[in-house]
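Down below is the structure, laid out as structure tokens.
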Amino acid sequence: MPQQNRKTVPDMDDFHPLYLRLSVTERCNLRCAYCRPQTGEKGMMRGSTLSDAEILGLLDLVGSALPIDKLRITGGDPLLRPRLPVLVKKIKRRFPSTLLVATTNGLLLGRQAEELRSAGLDSLNVSLDTLDPRVFARLCGIDGLQSVLQGLKSARRAGFGKIRINTVLLRSANGGTLHDLFRFAGNEDFELRLIELMPIGVAAEIFDQEFFSAGEALEMLSLRFGVPRSLGLSGTAERYLFPNGQVLGLIRTQSAPFCASCNRLRLDSRGWLYPCLHDYEGIDLFALWRSGRPEEAISEIRRAHGTPGVKRPIKDWTSRPMIRIGG
Ligand code: SAM
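So that you can map any letter, position 67 of the sequence shown is 67 in the UniProt record's numbering, and since no number is skipped, the others follow by simple counting.
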């Protein structure tokens, strides 16, 4: 084959591997003050979540455009999707070498952890911002802390390896109690990850009062647990090793944005693809798939993924609620 012909047909090795976040439902059983609009979202939550077959069709399309290194199932809360383990099993069968992970608020893990593990889910992140039941109820809208803690235990019993706890840094909810979360994570052998609040959707309204930086959090923890040493970046998290052997991850969405190294795409529960959390437009991948134009879809997916290191810089944060796009 002549040299120039070979160059015109890109091969999978030409593309940077993809970390795909897949939202499987917009429904959530929490109403966290920084994530979900407190009212007026009924229309948003109705109808059109994709079926398993449609999700697999879209994943096949994405998988033929780019090598999917890692696929994170998210939502809403993904565990609210009926028969999630069945979907997990189908995805794992179709993409056996992709790391298949999920992010949940943990409320329903008590019932589902074992089935999810047997279905092929490789690992879990559980979101938890406080260990104080009253603060939890105020922040998330229901009295659910005990169910989350129960869910974490079930996940451990089900044999998930390193379970991560994701905590959004919020001055009023955990500014004074991070040491409790850190100690809890250490005792239970979970890895704590502290995430800087992003001014997305409803969070924009509370951002000025609630934001505090990962650097400030690290200083607070160093005063109690000793000065850690950096282990460097792992994905979007900078990891630190404390003198007691415990590892902490910091996700500095605001103080040190990582756009340049981002390799994520986001597929929402209606089949729209977003290159970025602050991309308002997105691509209607479902429509492209239904219209039977795979070549067009594949080139749109590749264009959205872009070249690593040259993703667009943040101009405006979207007003789309986080719950719609899945974090
Ligand atoms: N319901 C699942 C959960 O709670 O993990 C998955 C969806 S949730 C949108 C994914 C993650 O986004 C959670 O860890 C949540 O705390 C985080 N999140 C939501 N809004 C955020 C914001 N404004 N800034 C930073 N993180 C946010």
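A virtual CB, placed ideally from N, CA and C, is assigned to each residue, including glycine.
Note that the structure is a prediction, hence the values are computed from the model and not measured.
- Look at Gly76: its beta carbon is less than 7 angstroms from one of the heavy atoms in the ligand SAM.
- Here Lys162 carries a coil assignment [DSSP, helix/strand/coil].
- The count of Cβ pairs closer than 8 angstroms, one atom from the stretch 299–307 and one from the stretch 80–90, stays below three, leaving the stretches out of contact.
- Residues of the same chain with a CB within less than 8 angstroms of the CB of Gly235, apart from the 5 flanking positions on each side, are Tyr19 in chain order.
- Close CB contacts of Gly215 within its chain, under the 7 angstroms cut and outside five residues either way in sequence, are with Ser255 (chain order).
- Sixteen is the threshold: since fewer than 16 other Cβ atoms of the shown chains lie within 10 Å of the Cβ of Ile142, the residue is exposed.
- Between Val24 and Lys90, the alpha-carbon positions lie close to 14 angstroms from each other.
- Proximity of the stretch 241–250 to the stretch 187–207 meets the contact definition, three or more beta-carbon pairs being nearer than 8 angstroms.
- No Cβ-Cβ contact shorter than 8 angstroms links Leu79 with Thr103.
- With three or more CB-CB distances shorter than 8 angstroms, the stretch 123–143 counts as touching the stretch 154–170.
- Between Leu30 and Ser269, the C-beta spacing is not below 8 angstroms.
- Relative to the ligand SAM, the nearest heavy atom lies less than 7 angstroms away from the CB of Tyr34.
- Remark: C-beta atoms of Leu107 and Gly151 approach each other more closely than 8 angstroms.
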